[in-house]
Amino acid sequence: EVLAESQLWADGVTPEDKVPFDAGFHELPGRLLSEYRNRGADSEIGRIQVAADRLAGLVDRVVSLGIGGSYMGARALMEACCHPYYNELPRDRRGGRPRITFEGNNVDNDALRGLFDLLYPDEGGGIADQWGIAVISKSGGTLETAAAFRILLEKLSDACDDDPAKVAQRVIPVTGKSGKLFDLATALGCPDIFAVPDGVGGRFSVLSAVGLLPAAIMGLDIVKLLEGADAMNEHFRNTHADENLVLQYVGVCHLLETKRGCDIRLLTTWGKQLESVGLWYDQLLSESLGKQERGAMPLTVVNTRDLHSRGQQHQEGKRDKLVTNLIVDKFQRDEIEIGKSDNNQDQLNELADKTLVDVLDAATKGTNQAYRDDNRPTADLHLPSVNEHTIGQLFQMLMLATVSEGRLIGINPYGQPGVEAYKNNMNAILRS
Ligand code: PA5
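Heads up: the sequence shown begins at 38 in the UniProt record's numbering, then just goes up one per residue.
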């Protein structure tokens, strides 16, 4: 029943009677890809690549400013798809791309002062202008991002000897087609300004310039990312509910919530690289469906790390959790063996030929079995490997699932009216 209801949406029935349907994020990957195939360098993807390469050629660090949906996706892409120590590597081992530092996602005095030390490694030295800014804000008025931009712009101007042309070359804004940031970027004379497309909400915007620009600056293959998302759209549109990944996921989550009270959803990532993908999903689910006293509570878990912290609660605490494991089937790099040692005081020689991948796999299976033995539900989501294509698929799958679930429970997944309350109060306090 649940899946049949959701299938209406997959079949293209616009559910105007239930929730407003904003198709912007849905059609975006296909639209950007077909424009790229037809217009090459003149397309949005082509322009993003050219601008990213231009900035990468000028600077060795890009400070990416943004918060919420204007930040989480880019960070997820960096952690999932770049080298695990990307920023620490010398430039040639970063593929000649700049370091990426995220800011404007909080109001933390000491963190920003700390960043100044990175931007001016040698006070009065010759490398102070080797950095630039990607400033990302759909509304163009979010205080956290706007304040950080103003402060860093001043620093950048100093670093560029107050040469406006030099500053403009080092700043790439992504924003709405009008608004304060758009006006500021225009006044600065930034050669490239990218638009967040109409009808694409903040947390649904990772596959627009919001996520694609930082990804291209890091040297990721943004075409593959979009192709992955497009493939998921095809699957979603053309696969019956019985085998439809999106609808299966929604069905499992929804049934366990309504029939067994599992209103806490753990997205358990195994290994380190998917934590920020989980945090991106935390935002997506919380801000989209956490309304009208409804909506499941997401929680990103990183195992085996969190088995040694939250694991006890998950194993024996309240029966209010659904664990979805996000499992990587094949890691990118050669497997590392534990190895034999003459110093066997740790008694690991009997595991000498096991690799870290074997250990992680045993931990995943062992944990699932422990939950099963105690009649606690788990589901597995497998990524064949982690790359731009599979992460594009995963992003799109989770966005489609969130909107489908909104349809199912009658919650409009777009907008975040609850977040406005703090903004209004903060502004009133600041201006009183
Ligand atoms: O999902 C959303 O719409 C929000 O989380 C926004 O992304 C966040 O508030 C940042 O907004 P903006 O991009 O307008 O600065």
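Even glycine gets a Cβ: it sits at the ideal position worked out from N, Cα and C.
The model shown is predicted, which means the values in this text are computed figures rather than measured ones.
Next on the checklist: With a threshold of 8 Å between beta-carbons, can Thr392 be considered close to chain B, or not?
Outcome noted: Any reference to chain B falls outside this structure, which holds one protein chain only.
Next on the checklist: To test your reading of the DSSP string, which unbroken beta strand (DSSP E) runs of 3 or more residues are found completely within the segment 64-98?
Outcome noted: none
Next on the checklist: Quick check: is any heavy atom of the ligand PA5 less than 7 Å from the C-beta of residue 11?
Outcome noted: This structure gives no information on residue 11, because the portion of the chain shown stretches from 38 to 469.
Item to check | C-alpha distance - Asn461 paired with Ser176, whole-angstrom precision | outcome: Looking up residue 461 in the sequence shown gives position 424. Looking up residue 176 in the sequence shown gives position 139. Computed Cα separation, rounded: 15 Å.
Checklist entry - Cβ of Ser107 within 7 Å of any heavy atom in the ligand PA5? => result Locating residue 107 in the sequence shown gives position 70, counting from the first residue. Yes, since a heavy atom of the ligand PA5 falls inside the 7 Å radius drawn around the Cβ of Ser107.
Item to check | Any non-hydrogen atom of the ligand PA5 closer than 7 Å to Val144 Cβ | outcome: In the sequence shown, residue 144 corresponds to position 107, counting from 1. False, no ligand heavy atom lies under 7 Å from that Cβ.
Checklist entry - Apart from the five residues on each side of it in sequence, which residues of its chain come closer than 7 Å, Cβ to Cβ, to Leu69? => result Against the sequence shown, residue 69 aligns to sequence position 32. Hits under 7 Å: Glu81, Ile82, Leu263.
Checklist entry - For Pro335, which beta-bridge partners are listed by DSSP? => result By 1-based counting over the sequence shown, the position of residue 335 is 298. Paired residues: Arg302.
Next on the checklist: Between the alpha carbons of Asp154 and Phe62, how many angstroms are there, rounded?
Outcome noted: Taking the sequence shown and counting its residues from 1, the one referred to as residue 154 is at position 117. Taking the sequence shown and counting its residues from 1, the one referred to as residue 62 is at position 25. Distance between the alpha carbons of Asp154 and Phe62 is about 38 Å.
Next on the checklist: I'd like to know if the segment 425-441 and the segment 368-384 are in contact, where contact means that at least 3 CB-CB pairs between them fall below 8 Å.
Outcome noted: no
Item to check | Which listed residue (Thr276, Leu292, Ile364, Tyr73) has its alpha carbon closest to that of Pro421 | outcome: Taking the first residue of the sequence shown as position 1, residue 421 is located at position 384. The shortest Cα separation from Pro421 among Thr276, Leu292, Ile364, Tyr73 belongs to Ile364.
Next on the checklist: Rounding to the nearest angstrom, what Cα-Cα distance links Gly265 and Ala465 in this structure?
Outcome noted: Within the sequence shown, the letter at position 228 stands for residue 265. Within the sequence shown, the letter at position 428 stands for residue 465. Roughly 44 Å between the two C-alpha positions.
Checklist entry - Excluding five sequence neighbours on each side, which residues of the same chain lie with their C-beta closer than 8 Å to the C-beta of residue 507? => result Because the chain spans 38 through 469 in this model, residue 507 falls outside it and cannot be assessed.
Checklist entry - Should Gly151 be counted as a contact of the ligand PA5 given a C-beta to heavy atom distance under 7 Å? => result The sequence position of residue 151 within the sequence shown is 114, counting from 1. No.
Item to check | Own chain residues within Cβ distance below 6 Å of residue 517, not counting five before or after | outcome: Outside the modelled stretch of the chain, which goes from 38 to 469, sits residue 517, for which no answer is possible.
Next on the checklist: Beta-carbon within less than 8 Å of Gly133's beta-carbon, same chain only, minus the 5 sequence neighbours each way: which residues are those?
Outcome noted: What you label residue 133 is simply residue 96 of the sequence shown in a count that begins at 1. Taken in chain order, the residues that qualify are Ala93, Gly256.
Next on the checklist: Am I right that Gln310 and Ala117 are in contact with their C-beta atoms under 8 Å? What's the rounded C-beta distance?
Outcome noted: Locating residue 310 in the sequence shown gives position 273, counting from the first residue. Locating residue 117 in the sequence shown gives position 80, counting from the first residue. About 5 Å separates the two Cβ atoms, so the contact holds.
Item to check | Length-filtered (4 minimum) alpha helix (DSSP H) runs lying within the segment 315-381 | outcome: 348-353
Item to check | Coil, strand or helix - Asn401 by DSSP | outcome: Numbered from its first residue, the sequence shown carries residue 401 at position 364. A small correction: the amino acid at residue 401 is Thr; Asn does not occupy that position in the sequence shown. Helix, per DSSP.
Checklist entry - Cβ of Leu445 within 8 Å of Cβ of His291? => result For the purposes of this step, residue 445 is taken as residue 408 along the sequence shown, with counting starting at 1. For the purposes of this step, residue 291 is taken as residue 254 along the sequence shown, with counting starting at 1. Yes. Within cutoff.
Checklist entry - At a cut-off of 7 Å, is Val456 close to the ligand PA5 when judged by its beta-carbon and the heavy atoms of the ligand? => result Residue numbering aside, residue 456 sits at position 419 when the sequence shown is read from its first letter. At least one heavy atom of the ligand PA5 is nearer than 7 Å to the Cβ of Val456, so yes.
Next on the checklist: the ligand PA5 and residue 524: does any heavy atom of the ligand fall closer than 7 Å to the residue's C-beta?
Outcome noted: Residue 524 lies beyond the range of the chain shown here (38 to 469); nothing can be said about it.
Checklist entry - Within this structure, are the beta carbons of Phe219 and Leu102 separated by less than 8 Å? => result Numbered from its first residue, the sequence shown carries residue 219 at position 182. Numbered from its first residue, the sequence shown carries residue 102 at position 65. Result no, Cβ atoms of Phe219 and Leu102 do not sit closer than 8 Å.
Next on the checklist: If you follow the alpha helix (DSSP H) that Glu264 is in, where does it begin and where does it stop?
Outcome noted: As a first step, residue 264 must be located in the sequence shown, where it is residue number 227. It spans 259-275 - the alpha helix (DSSP H) in which Glu264 sits, taken as one unbroken run.
Checklist entry - Are the beta-carbon atoms of Arg130 and Asp97 separated by less than 8 Å? => result Residue 130 sits at position 93 when you count from the first residue of the sequence shown. Residue 97 sits at position 60 when you count from the first residue of the sequence shown. No.
Next on the checklist: Rounded to whole angstroms, what is the Cα-Cα separation between Phe58 and Val440?
Outcome noted: Here residue 58 refers to the residue found at position 21 when the sequence shown is read from its first residue. Here residue 440 refers to the residue found at position 403 when the sequence shown is read from its first residue. For Phe58, the predicted structure reports a pLDDT of 48, less than 50, and the residue's modelled location is therefore unreliable. A value from the coordinates is still provided. Answer to the nearest angstrom: the Cα atoms are 9 Å apart.
Next on the checklist: How far does the beta strand (DSSP E) with His419 in it extend, from its first residue to its last?
Outcome noted: Your numbering for residue 419 matches position 382 in the sequence shown. 415-420 is the extent of the beta strand (DSSP E) around His419.
Checklist entry - Distance, Cα to Cα, Gln285 vs Leu388? => result Taking the sequence shown and counting its residues from 1, one reaches residue 285 at position 248. Taking the sequence shown and counting its residues from 1, one reaches residue 388 at position 351. Using only the alpha carbons, I get a separation of about 38 Å.
Next on the checklist: To the nearest angstrom, how far is the alpha carbon of residue 15 from that of Arg74?
Outcome noted: This structure cannot speak to residue 15, because the chain is shown only from 38 to 469.
Checklist entry - Assuming Ala166 and Lys192 make a contact with CB atoms under 8 Å, what is their CB distance in whole Å? => result By 1-based counting over the sequence shown, the position of residue 166 is 129. By 1-based counting over the sequence shown, the position of residue 192 is 155. The identity of residue 166 in the sequence shown is Asp, whereas the question assumes Ala. Going by Cβ atoms, the distance from Asp166 to Lys192 rounds to 10 Å, so no, they are not a contact pair.
Item to check | Alpha carbon of Ala458 to alpha carbon of Lys328, nearest angstrom | outcome: As a first step, residue 458 is located in the sequence shown; it is residue number 421 there, counting from the start. As a first step, residue 328 is located in the sequence shown; it is residue number 291 there, counting from the start. One C-alpha to the other measures close to 14 Å.
Checklist entry - What are the start and end residues of the beta strand (DSSP E) that includes Ser174? => result Looking up residue 174 in the sequence shown gives position 137. 168-174 is the extent of the beta strand (DSSP E) around Ser174.
Item to check | Extent of the continuous alpha helix (DSSP H) run through Phe186 | outcome: Position 149 of the sequence shown holds residue 186. Phe186 -> alpha helix (DSSP H) spans 180-196.
Checklist entry - To which residues of the same chain is Asn142 closer than 6 Å at the C-beta, ignoring the five residues directly before and after it? => result Locating residue 142 in the sequence shown gives position 105, where the first residue counts as 1. If we look at Asn142 and ignore the five residues flanking it on each side, its Cβ neighbours are Ile104, Tyr108.
Next on the checklist: Any heavy atom of the ligand PA5 inside 7 Å of the beta-carbon of Ile170?
Outcome noted: In the sequence shown, the residue the question calls residue 170 occupies position 133. Answer for Ile170: no, Cβ out of range of the ligand PA5.
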